[in-house]
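Chemist: This is the structure I want to talk about, given as structure tokens.
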Amino acid sequence: MKKKLIQAFVQIIVVLLILSSPLLIVNYRKQINEKRIEKEEPWKGVITLWDFPRLNVKTGSRYGWILDKIKKFERENPGVYIEFKPIDWKKGTTQLEEAVKTGRYPDIAPIAADFNYMKKGILEPLDNYFTKEEKNKFKCQALRAVTYNGKMWGVPFMMTTYVMYLNLDLFIERGVEPPIDGNWTYEEFVEKMKMLTWDSDNDGEIDHYGFNSFIKPNYYNVWGIILSDGADIIDENSGEYVFYGDKALKGLNKLIDLKYKYKVTPEDFGILNENEAWEMFYKKKNVAVYPTGTWALRVLENLKNKGEGFEFTVANYPIGDMRLPVSLNNSVSAYGIFKQEDEAKLKMCVKFLKYITQEKYQRELEDLGVFPVKTGITDLYMYDNKVKRIENSLSYTKIIPRHEKWKEIDRILQSQIKLALIGEKSSKEALDDAKKQIQKLYINDN
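Numbering-wise, the sequence shown is residues 14 to 459 according to the numbering used here.
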């Protein structure tokens, strides 16, 4: 009897061992993996980063924001070094394009919202490195800007737009009321611009103007007027060029009429370059309304605080047939990671981009005159009506069309608009000629 009990006990033990062996093996492997992870050192090495200047008006630094983040990240990640190369707005785009052609591109660059880079397949898709919760922290339009074919190709880090800046000193001097809540119709805008165009010294020549700007590829200062009646440039569904119908003609005429019909601009509107037009507004102070990017907000505030500027406010573009203000802009800036051979290095690049886009650093964007791409940061501009108005206008911003030939299309369009502005062509001729040239691009592409 005793022998049978011992045999039964042994059999039970054997059965239990057999049943539990998979669990023991899994647990053993888990312990081995944990030890391996503990021993595995984080990646160390050099990450190359190219970036454009981001002016901090308070300090005057052009690259200080990113350099500060680099220094802090390196301190928290010993053995990781970010090799930074500053590029400027004039030559930087060309430098990046050449780098891609030669295959000598950096690890990280601010090109992830550029459709051409997404489409070329030279960027790392980042979906596997961001949880759903992490993605949801980005504003929809920011995430949309870095998404193509359902994949996330970069990390947004700031947003901007175009608005109209108003010299309130001139408005007050002429007894002109600025638009209520920053909104005005085109007709209201024109009437105010007429009152703000005058001869200040009675010498028989107009020397103060209601409105001024410039025309240049990749700059969309005047497009809030041109698109105010609902015209599109590229059809989102078909990808076809469509900026030639009645809406396009009406919008372009609104811009041309400011110069020739209503005479509220300088005679050389359309000829003036960016610096000349900006100088008339901020330095000579003989232009009442000037459209430009959000960067100008802190510049104008700084000048005013030093006693060199003027009282100002911001307004939306004049409302047309769309019944809402509109602006055109490549409004989202985002960093992309070029293709990597080392998975560990790629993860470190992602870690760096997550680091610089955390909430506390998003709040610092206020000093750069730009806006966060993360949701939930609602108290940043609570007591600054001008900035809050600009932030609200982000919802009216149209992103420049996603088209692989956009740079060529933009160059042709801006050139033809300029010819219409300087009187060498009618608005209709400019649109017709632009259509012909752009359609040739489509034919050559096929």
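Even for Gly, the Cβ is constructed at its ideal location relative to N, Cα and C. All values derive from a computational prediction rather than experimental measurement.
Would you tell me roughly how many angstroms separate the C-alpha atoms of Thr-370 and Thr-61, rounded to the nearest one?
Modeler: For the purposes of this step, residue 370 is taken as residue 357 along the sequence shown, with counting starting at 1. For the purposes of this step, residue 61 is taken as residue 48 along the sequence shown, with counting starting at 1. Distance between the alpha carbons of Thr-370 and Thr-61 is about 18 Å.
Chemist: Assuming contact is defined by CB atoms lying nearer than 8 Å, are Ala-125 and Tyr-368 in contact in what I supplied?
Modeler: Along the sequence shown, read from residue 1 onward, the residue named residue 125 stands at position 112. Along the sequence shown, read from residue 1 onward, the residue named residue 368 stands at position 355. Going by C-beta atoms, Ala-125 is not nearer than 8 Å to Tyr-368.
Chemist: Do Phe-224 and Asn-234 have their C-beta atoms closer together than 8 Å?
Modeler: As a first step, residue 224 is located in the sequence shown; it is residue number 211 there, counting from the start. As a first step, residue 234 is located in the sequence shown; it is residue number 221 there, counting from the start. No, the Cβ-Cβ distance between Phe-224 and Asn-234 is not below 8 Å.
Chemist: Output the distance between the C-alpha atoms of Leu-285 and Phe-294, rounded to the nearest integer angstrom.
Modeler: Counted from its first residue, the sequence shown places residue 285 at position 272. Counted from its first residue, the sequence shown places residue 294 at position 281. Computed Cα separation, rounded: 12 Å.
Chemist: With DSSP collapsed to three states, give me the class of Ser-241.
Modeler: What you label residue 241 is simply residue 228 of the sequence shown in a count that begins at 1. Three-state result, Ser-241: coil.
Chemist: Where does Ile-124 sit, in a helix, a strand or coil, going by DSSP?
Modeler: The residue labelled residue 124 in the question sits at position 111 within the sequence shown. Ile-124 falls in the coil class under three-state DSSP.
Chemist: Would Pro-123 pass as a contact of Phe-184 if the rule is Cβ separation under 8 Å?
Modeler: On the sequence shown, residue 123 is found 110 positions in, with the first residue counted as 1. On the sequence shown, residue 184 is found 171 positions in, with the first residue counted as 1. Against a cut-off of 8 Å, the Cβ pair of Phe-184 and Pro-123 comes out as no contact.
Chemist: Between the Cα of Phe-282 and those of Ala-301, Gly-389, Ile-435 and Ile-350, spot the shortest distance and give me the residue it belongs to.
Modeler: Counted from its first residue, the sequence shown places residue 282 at position 269. Selected option, being the one with the closest Cα: Ile-435.
Chemist: Hey, could you find the ends of the alpha helix (DSSP H) Leu-366 is sitting in?
Modeler: Position 353 of the sequence shown, counted from the start, is the residue given in the question as residue 366. Its alpha helix (DSSP H) spans residues 356-369.
Chemist: What is the C-beta distance between Leu-265 and Ile-430, in whole angstroms, given that I count them as a contact (C-beta under 8 Å)?
Modeler: Position 252 of the sequence shown, counting from 1, holds the residue named residue 265. Position 417 of the sequence shown, counting from 1, holds the residue named residue 430. About 7 Å; that satisfies the 8 Å criterion.
Chemist: Within 10 angstroms of the Cβ of Arg-311, are there 16 or more other Cβ atoms? Answer buried if so, exposed if not.
Modeler: Translated into positions along the sequence shown, residue 311 becomes position 298. With 16 or more other Cβ atoms within 10 Å, it is buried.
Chemist: Exposed or buried, which one is Val-59 when buried takes at least 16 other CB atoms within 10 Å?
Modeler: Stepping through the sequence shown from its first residue, residue 59 is reached at position 46. Exposed, since its Cβ has fewer than 16 Cβ neighbours within 10 Å.
Chemist: Using the Cβ count rule (16 or more neighbours within 10 Å means buried), how would you classify Asn-342?
Modeler: Here residue 342 refers to the residue found at position 329 of the sequence shown. With 16 or more Cβ atoms within 10 Å of its Cβ, Asn-342 is classed as buried.
Chemist: Per DSSP, Tyr-161 forms a beta bridge with which residues?
Modeler: Mapped onto the sequence shown, residue 161 falls at position 148. Answer is Lys-164.
Chemist: Leaving aside the five residues before and after Ala-447 along the sequence, list all residues of the same chain whose C-beta is less than 7 Å from its C-beta, in chain order.
Modeler: For this step, residue 447 is matched to residue 434 along the sequence shown. Closer than 7 Å at Cβ, skipping near neighbours: Ile-425, Leu-426 and Gln-429.
Chemist: Pop quiz: Trp-56 and Ala-357 are said to be a contact at Cβ under 8 Å. What is the actual Cβ separation, rounded to whole angstroms?
Modeler: Residue 56 sits at position 43 when you count from the first residue of the sequence shown. Residue 357 sits at position 344 when you count from the first residue of the sequence shown. Going by Cβ atoms, the distance from Trp-56 to Ala-357 rounds to 4 Å, so yes, they are a contact pair.
Chemist: Return the residue from the list Gln-450, Gly-322, Ile-83 and Pro-279 that minimises the CA-CA distance to Asn-180.
Modeler: Stepping through the sequence shown from its first residue, residue 180 is reached at position 167. Per the Cα distances, Gly-322.
Chemist: Quick one: is Trp-78 buried, meaning 16 or more other Cβ sit within 10 Å of its Cβ, or exposed?
Modeler: Position 65 of the sequence shown, counting from 1, holds the residue named residue 78. Buried, because 16 or more other Cβ atoms sit within 10 Å of the Cβ of Trp-78.
Chemist: Any idea what DSSP makes of Phe-224, helix, strand or coil?
Modeler: One-based indexing of the sequence shown puts residue 224 at position 211. Three-state DSSP puts Phe-224 in a strand.
Chemist: What residues match up with Leu-179 in a beta bridge as DSSP calls it?
Modeler: Translated into the one-based positions of the sequence shown, residue 179 becomes position 166. Partner(s): Val-302 and Thr-326.
Chemist: Run through DSSP, which three-state label would Ile-284 get?
Modeler: The residue labelled residue 284 in the question sits at position 271 within the sequence shown. If DSSP states are grouped into helix, strand and coil, Ile-284 belongs with coil.
Chemist: Where does Leu-471 fall in DSSP's three states?
Modeler: Within the shown structure, residues of the chain are numbered from 14 to 459, placing residue 471 beyond reach of any answer.
Chemist: According to the neighbour-count rule (16 or more other Cβ atoms, all chains shown, within 10 Å of its Cβ), is Asp-259 buried or exposed?
Modeler: Residue mapping note: residue 259 aligns to position 246 of the sequence shown, counting from 1. Exposed.
Chemist: Assuming Tyr-142 and Val-363 form a contact by the criterion Cβ under 8 Å, report the distance between their Cβ atoms to the nearest whole angstrom.
Modeler: In the sequence shown, counting from the first residue as 1, residue 142 sits at position 129. In the sequence shown, counting from the first residue as 1, residue 363 sits at position 350. About 4 Å; that satisfies the 8 Å criterion.
Chemist: For Pro-91, name the three-state secondary structure that DSSP assigns.
Modeler: What you label residue 91 is simply residue 78 of the sequence shown in a count that begins at 1. Coil.
Chemist: Exposed or buried, which one is Asn-162 when buried takes at least 16 other CB atoms within 10 Å?
Modeler: Reading the sequence shown from its first residue, position 149 is the one you call residue 162. Per the 10 Å Cβ criterion, exposed.
Chemist: Enumerate in chain order the residues of its own chain whose CB-to-CB distance from Lys-132 is below 8 Å, with the five nearest sequence positions on each side excluded.
Modeler: As a working mapping, residue 132 is identified with position 119 in the sequence shown. The answer, listed in chain order, is Tyr-161 and Glu-417.
Chemist: What does the Cβ neighbour count give for Asn-46, buried or exposed, with the cut at 16 atoms within 10 Å?
Modeler: As a first step, residue 46 is located in the sequence shown; it is residue number 33 there, counting from the start. Any reading at Asn-46 must be qualified, since the residue scores a pLDDT of 49, below 50, and its modelled position is unreliable; the value itself is stated next. That one is exposed.
Chemist: Quickly, what does DSSP pair Asp-64 with across the bridge? List them, please.
Modeler: Position 51 of the sequence shown, counting from 1, holds the residue named residue 64. Answer by DSSP bridge pairing, in chain order: Pro-99.
Chemist: Taking Cβ positions, are Trp-236 and Pro-331 nearer each other than 8 Å?
Modeler: The count along the sequence shown starts at 1 and reaches residue 236 at position 223. The count along the sequence shown starts at 1 and reaches residue 331 at position 318. No. Outside cutoff.
Chemist: Please name the residue, chosen from Leu-432, Ile-422 and Ser-439, that lies closest to Leu-454 on a Cα-to-Cα basis.
Modeler: As a working note, residue 454 is residue 441 in the sequence shown. Per the Cα distances, Ile-422.
Chemist: Buried or exposed: where does Glu-442 fall if 16 or more other Cβ atoms within 10 Å of its Cβ makes it buried?
Modeler: Walking along the sequence shown from the start, residue 442 turns up at place 429. Exposed is the call here.
Chemist: Using CA atoms only, rank isn't needed, just tell me which of Tyr-94, Lys-229 and Val-189 is closest to Glu-287.
Modeler: Mapped onto the sequence shown, residue 287 falls at position 274. Out of Tyr-94, Lys-229 and Val-189, Lys-229 has the C-alpha closest to the C-alpha of Glu-287.
Chemist: Assuming Thr-388 contacts Lys-164 (C-beta within less than 8 Å), just tell me the rounded distance between them.
Modeler: The sequence position of residue 388 within the sequence shown is 375, counting from 1. The sequence position of residue 164 within the sequence shown is 151, counting from 1. So it is not a contact: roughly 21 Å between Cβ atoms.
Chemist: Let's test the definition: count the other Cβ atoms within 10 Å of the Cβ of Asp-120 and tell me whether it reaches 16, buried, or not, exposed.
Modeler: Translated into positions along the sequence shown, residue 120 becomes position 107. It counts as buried.
Chemist: Go ahead and label Ser-251 buried or exposed: buried means 16 or more other beta carbons lie within 10 angstroms of its beta carbon, across all protein chains shown.
Modeler: Numbered from its first residue, the sequence shown carries residue 251 at position 238. It counts as exposed.
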